[in-house]
Amino acid sequence: LNSAKVGAGVSVFVHLKTHNHEDLWLARFAESITGFDEVMECYRMAGEWDYLLRVATKDIESFDRFYKKLITEIDGLTDVTSSFAMEEIKFSTCLPLHNI
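If you want the numbering used here, it's the position in the sequence shown, counting the first as 1, plus 795.
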């Protein structure tokens with residue numbers, strides 16, 4: 796599927812931080828983030844950032860609408876940083892099975 800042809804050609808990697816790590820907040824966050832159609836992938840991370848999202852949108856204006864919705868609908872975020880992909884060099888959904 797060509798993401799640009801279906802109106803989702805802009806890939807953005809969004810790093811999120813929070814100071815809230817209580818079970819209730821984590822459950823609400825997971826429920827909220829799965830409701831965003833633009834979020835293709837979401838990972839809870841070890842290290843400097845708490846979460847990493849891969850977001851697909853039509854253009855920067857669409858991402859800006861997503862961003863505003865994200866920061867208003869999810870309480871407790873203390874930092875949000877976004878990086879726009881300039882070029883997709885490799886994308887695969889195939890798992891490396893050669894060692895099985």
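All residues carry an ideal CB built from backbone N, CA and C; glycine is no exception.
The beta strand (DSSP E) with residue i in it runs from where to where?
i, result
"Ser806", "Val805 to Thr813"
"Asp874", "Leu872 to Phe879"
"Cys837", "Val834 to Arg839"
Within 10 angstroms of the Cβ of residue i, are there 16 or more other Cβ atoms? Answer buried if so, exposed if not.
i, result
"Glu833", "buried"
"Ser806", "buried"
"Ala822", "exposed"
"Ala880", "exposed"
"Leu890", "exposed"
"Phe886", "exposed"
"Thr888", "exposed"
Determine which residues share a DSSP beta bridge with residue i and list them.
i, result
"Leu819", "Note: Leu819 sits in no beta bridge, so no partner."
"Tyr862", "Bridge partners of Tyr862: none, in fact."
"Ala825", "Looking at the DSSP assignment, Ala825 forms no beta bridge with any residue, so it has no partner."
Next item on the list: May I ask you to verify whether the region 850-860 touches the region 821-828, counting CB pairs closer than 8 Å and requiring at least 3?
Entry: no
Next item on the list: Evaluate contact between the region 836-850 and the region 809-824, counting only Cβ atoms and requiring at least three cross-stretch pairs below 8 Å.
Entry: yes
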